[in-house]
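I have placed the structure first, in the form of structure tokens, so that the comments after it can refer back to it.
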Amino acid sequence: MLCQHCNERKATLRFTKIVNGKKTEKHLCEHCAKEQGEALPGNNNYSIHDLLSGMLNLDSSNPPLGQIHFKKPKAELSCPKCKLSYSAFVQNSRFGCSHCYQAFEEKLDPILKRVHGGNHVHRGKIPKRIGGKLEHKRKVTKLKEKMQFYIQNEEFEEAAIIRDEIRALQREQNDEGGNE
Amino acid sequence: MSLEQFISEAISPWMNQPGPNDEIVLSSRVRLARNLSNYSFPFKASNEDAKSVYSYLHENLSETTLDGIGNLSWFAVKNMSDIERQVLVEKHLTSPQLAEGSEEAAVVLSDDESISIMVNEEDHLRIQCLYPGLQLSEAFEAANALDDWVEANVDYAYDEKRGYLTSCPTNVGTGLRASVMMHLPGLVTTKQLSRIIPAVNQIGLVVRGIYGEGSETKGNLFQISNQMTLGKTEADIIDDLRSVVLQLIERERIAREKLLESKRLQMIDQVYRSFGILANSRIIESVEAASHLSNVRLGIDLDLIEGIDAKILNELMILIQPAFLQQYAKKALTTEQRDERRASLIRERLRLENILDGGE
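Top line first, the protein sequences correspond to chains P and C.
Under our numbering, the first residue of the first sequence is numbered 1299, with each subsequent residue one higher.
Under our numbering, the first residue of the second sequence is numbered 54, with each subsequent residue one higher.
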């Protein structure tokens, strides 16, 4: 079939328009189709967000999006900071702010696993500034566990040494905090 | 303006550098998605929020204190014309989303355009480094150093368990997207690529056309990138991609050798026919131009044609795109006018080369 616009090239695309229940069809070649709806390169209308939204919505315990408005099941999850609702997150497949991750935490593991080949925990880079504090926190937690162990075994001298170590670490952090 | 001058201004300086395996790998790109901790993501941000993110970043990122980066220039998207915005997309320096998106978007570029930082795209920051040839680790090191420098100046949204928090769940964790642009005419001609793509997909990598998401392929150019960003270290993501790319390079080389052995005359014929069309046509569509450019480039790589610079494919693939043609013409052009411009630009460009007539 020839393109209905230029009548020169072969039609490779079919456009179906439905206006007020009346259906019209147009056969165009790629060239004329582009001419009629000039788009930026790579910006096809069907984006990864459409695909993803379908994936996020696979959760079978949830009714399809359209029904949510009629039923309003329980209290819907929403982010306290940016007010994004969970269903809006599913629909756009985008978080509204960094606090959404906490707000939707209970639902995230299966979603992230689906998107990231079974993974749901970060193993990569730790930013330097935040990283320092994290490491500190981990060290203190470890030492506290050790101290409890000595106390339970009534090895109080050992426990006292650890206690001083913890105090020194905490003092160090407070000093750092004061400088910021 | 002369064509030579236009080209020298149009082509990013980093593209003129040679790179490892650059007869098959055109470029390596690493992108890091980052957000600030105290602001909503651009998709949910009010105009005011977007403005404060913009000015906060502008304040903190306009002066580099980083060795080897040199000067960074800040460009506000709202001050650009439609054609200028599209030119940046065609150079792979910004995404279509940035070009169409928020009023408060910006792009920060290094002098050689190997670094681009997008502000207020899908995430607050997208740090991108582009290198010629297969240089994934180099591109990652550069992006990583930039990331450290940015982090020293601003507060990132980061979570111990989930890593770098991004607007889209597909980017969370490392926020790292590494991709490689490959010219694979051998694998296409021998119909191997359609069998390779599913296998590549299975190990968490994606093969797409040259503009990424949802774009078609042109001129046998393919972009291979990682899909997963969470649960692997940055080094593993880079290594996995690199090892697949090395295999593809090997297979492409073998396919080219086999083609030369079994169909040498047909190959030479195809190269010169394509050259003939490029050198003589008066109207040419971009898809047709891309496929002939691919043939000529293959001919250059296999020494079937002499006197043309191998960079010509990389260069013309960029220049024959709609926005570049319009920038060169200094006005908006219809599709027909562009096809005419494209043909004349290619003819003119080829005239700058010293092709031996007939190649004998």
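Where is the CB? At the ideal position from N, CA and C, for every residue including glycine.
Keep in mind the model is a prediction, meaning the values are calculated, not measured.
Following the DSSP letters along the chain, one finds Met281 (chain C) in no alpha helix (DSSP H), marked with neither H nor E. When DSSP states are grouped into helix, strand and coil, Lys1423 (chain P) belongs to the coil group. Around Arg1427 (chain P), the beta-carbon contacts reaching into chain C at under 9 Å are Glu204, Ala205, Asp208, Tyr209.
The contact set of Ser93 (chain C) on chain P, defined by CB atoms closer than 7 Å, consists of Cys1380, Gly1394, Cys1395 in chain order.
Against chain P, the CB of Thr147 (chain C) has no partner CB under 8 Å away; the residue lies outside that interface. With 16 or more other Cβ atoms from the protein chains shown falling within 10 Å of its own Cβ, Asp176 (chain C) counts as buried.
For Asp212 (chain C), the neighbours in chain P by C-beta distance under 9 Å run, in chain order, Ser1396, Tyr1399, Gln1400, His1420.
Residue burial is scored here from C-beta neighbours: Gly360 (chain C) has fewer than 16 other C-beta atoms within 10 angstroms and is therefore classed as exposed. When C-alpha distances from Lys1426 (chain P) are compared across C:Gly186, C:Ala198, C:Arg179, C:Ile180, the shortest belongs to C:Ala198. Contact annotation: in the segment 1431 to 1449 of chain P, residues whose CB is within less than 7 Å of a CB in chain C are Leu1432.
Nearest CB-CB separation between Asp201 (chain C) and chain P: below the 8 Å threshold. The C-beta of His1303 (chain P) comes no closer than 8 Å to any C-beta of chain C. Judged by DSSP in its simplified three-state form, Ser190 (chain C) adopts helix.
When the alpha-carbon of Asp164 (chain C) is set against those of C:Leu146, C:Ala152, C:Arg179, C:Glu174, the nearest one is in C:Leu146. In the DSSP assignment, no residue is bridged to Gln1471 (chain P).
Boundaries of the alpha helix (DSSP H) harbouring Met320 (chain C): 287 to 333, taken from the DSSP string. Just measuring C-alpha positions, the residue of C:Asn348, C:Asn367, C:Ser339, C:Gly352 sitting nearest Asp392 (chain C) is C:Ser339.
Fully enclosed alpha helix (DSSP H) runs of no fewer than 4 residues occupy 238 to 242, 246 to 255 of the segment 212 to 273 of chain C, in order along the chain. In this structure, DSSP gives Glu1323 (chain P) an extended state, which the three-state scheme calls strand.
The three-state reading of DSSP puts Phe377 (chain C) in helix, counting H, G and I together. Leu178 (chain C) is bridged by DSSP to C:Arg87, C:Val172. Contact between the segment 231 to 240 of chain C and the segment 1434 to 1448 of chain P is absent: fewer than 3 CB-CB pairs across the two stretches fall below 8 Å. The alpha-carbon of Arg394 (chain C) is positioned some 39 Å away from that of Gln300 (chain C). The residues Tyr1448, in chain order, have a CB closer than 8 Å to that of Phe1454 (chain P) in the same chain once the five nearest residues on each side in sequence are set aside.
For the pair Arg1307 (chain P) and Cys1327 (chain P), the Cα-to-Cα distance works out to about 6 Å. Shortest Cα-Cα distance from Val106 (chain C) to any of C:Leu378, C:Ile250, C:Leu398, C:Ser155 involves C:Ser155. Excluding five sequence positions before and after Thr1310 (chain P), the CB atoms of its chain that fall closer than 7 Å to its own CB belong to Cys1327, Glu1328, given in chain order.
Listed by position along chain C, the residues whose Cβ is nearer than 7 Å to that of Lys1423 (chain P) are Thr227, Glu287. In the DSSP secondary-structure assignment, Phe1313 (chain P) is bridged to P:Lys1324. Proximity to Asp75 (chain C) across C:Ala396, C:Ile399, C:Val298 peaks at C:Val298, based on C-alpha coordinates. DSSP places Arg402 (chain C) in the helix class (H, G or I) of the three-state scheme. Counted as a single uninterrupted DSSP element, the beta strand (DSSP E) harbouring Ser163 (chain C) occupies residues 159 to 163. For Ala129 (chain C), the three-state secondary structure derived from DSSP is strand.
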